[in-house]
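Quick note: the sequence shown, position 133, residue 567 per the working numbering, numbers continuous.
Built from N, CA and C at the ideal position, the CB exists for glycine as well.
The model shown is predicted, which means the values in this text are computed figures rather than measured ones.
Notes for the one structure printed next.
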Amino acid sequence: MKRKVHLVAAVLALLFLAVFWSSTVVAELFLSAAAVATVKQAIAWALLGFVPVMAVTGASGFSMGGKSKHPTITAKRKRMPVIGGIGLLVLAPAAVFLAQRAQAGVFDGVFYGVQALELVAGAVNLVLIGRNFRDGWNMRRRKRSSD
Ligand code: HEM
435 MKRKVHLVAA VLALLFLAVF WSSTVVAELF LSAAAVATVK QAIAWALLGF VPVMAVTGAS
495 GFSMGGKSKH PTITAKRKRM PVIGGIGLLV LAPAAVFLAQ RAQAGVFDGV FYGVQALELV
555 AGAVNLVLIG RNFRDGWNMR RRKRSSD
């Protein structure tokens with residue numbers, strides 16, 4: 435049961451972040467300022483879903499991993515505070531700030547600076563979450579093949 439919850443939350447976490455990142459890039463590169471504002475607004479609201487999904491992914495992972503010293507679980511455990519730190523200290527405040535600025539029609543240097551930072555931090559988190567996903571998947575596969 436815990437593993438299923440972990441898997442569903444992990445898939446949702448990856449999906450959320452991939453959609454945030456790609457919709458931002460598409461809107462910035464190809465769409466109007468109004469569309470950028472809509473995308474930024476949607477991302478800020480979607481944080482209400484993304485933050486709990488990340489919390490459930492982490493909590494279920496830590497709970498399943500227990501005190502295990504398995505190198506793969508240790509690596510996953512170490513990535514989690516970095517993922518959480520980037521999410522809560524960079525991505526969430528940036529998303530709210532960018533939504534407010536875009537809503538007010540202020541697309542100045544500060545907006546694009548924060549936007550660039552958000553894209554870089556988002557890419558780093560995508561890689562880290564992706565690695566945790568790959569490691570979890572491989573652990574499961576190895577377990578199955580040795581059953
Ligand atoms: C971004 C965070 C994470 C993601 C995306 C993630 C992803 C995954 C995935 C996809 C699986 C395979 C599930 C299945 O096939 O049913 C898995 C399993 C697992 N994960 Fe995570 N995980 C994350 C964080 C963590 C953390 C922080 C820990 C522990 C410290 C952890 C421990 C485990 C364990 C113990 C398993 C079960 C492996 C098995 O079946 O033997 N995960 N994870």
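Notebook entry, point to check: Is the segment 487-495 close to the segment 454-463, with three or more CB pairs under 8 angstroms?
Noted result: For the pair of segments examined, the segment 487-495 was found not to touch the segment 454-463: the number of CB pairs separated by less than 8 angstroms stays below three.
Margin query: Any heavy atom of the ligand HEM inside 7 angstroms of the beta-carbon of GLY556?
Written below: Because no heavy atom of the ligand HEM lies under 7 angstroms away, the Cβ of GLY556 does not count as near it: no.
Next item on the list: Entirely within the segment 493-534 and at least 4 residues each: give me those alpha helix (DSSP H) ranges in chain order.
Entry: 505-520, all fully within the segment 493-534.
Checklist line | 8 angstroms Cβ cutoff met for ALA461 and VAL470 | finding: Yes, Cβ-Cβ distance for ALA461 and VAL470 is below 8 angstroms.
Check: By Cβ distance, which residues of its chain are closer than 8 angstroms to ALA447, with the 5 residues on each side in sequence left out?
Finding: Counting only Cβ-Cβ distances below 8 angstroms, and skipping sequence neighbours, we find PHE484, VAL487, MET488, THR491 and ILE563.
Note to self: Quick check: the Cα distance between ALA536 and LEU522, rounded to an integer number of angstroms?
What the structure shows: In this model, ALA536 and LEU522 are separated by some 21 angstroms (Cα to Cα).
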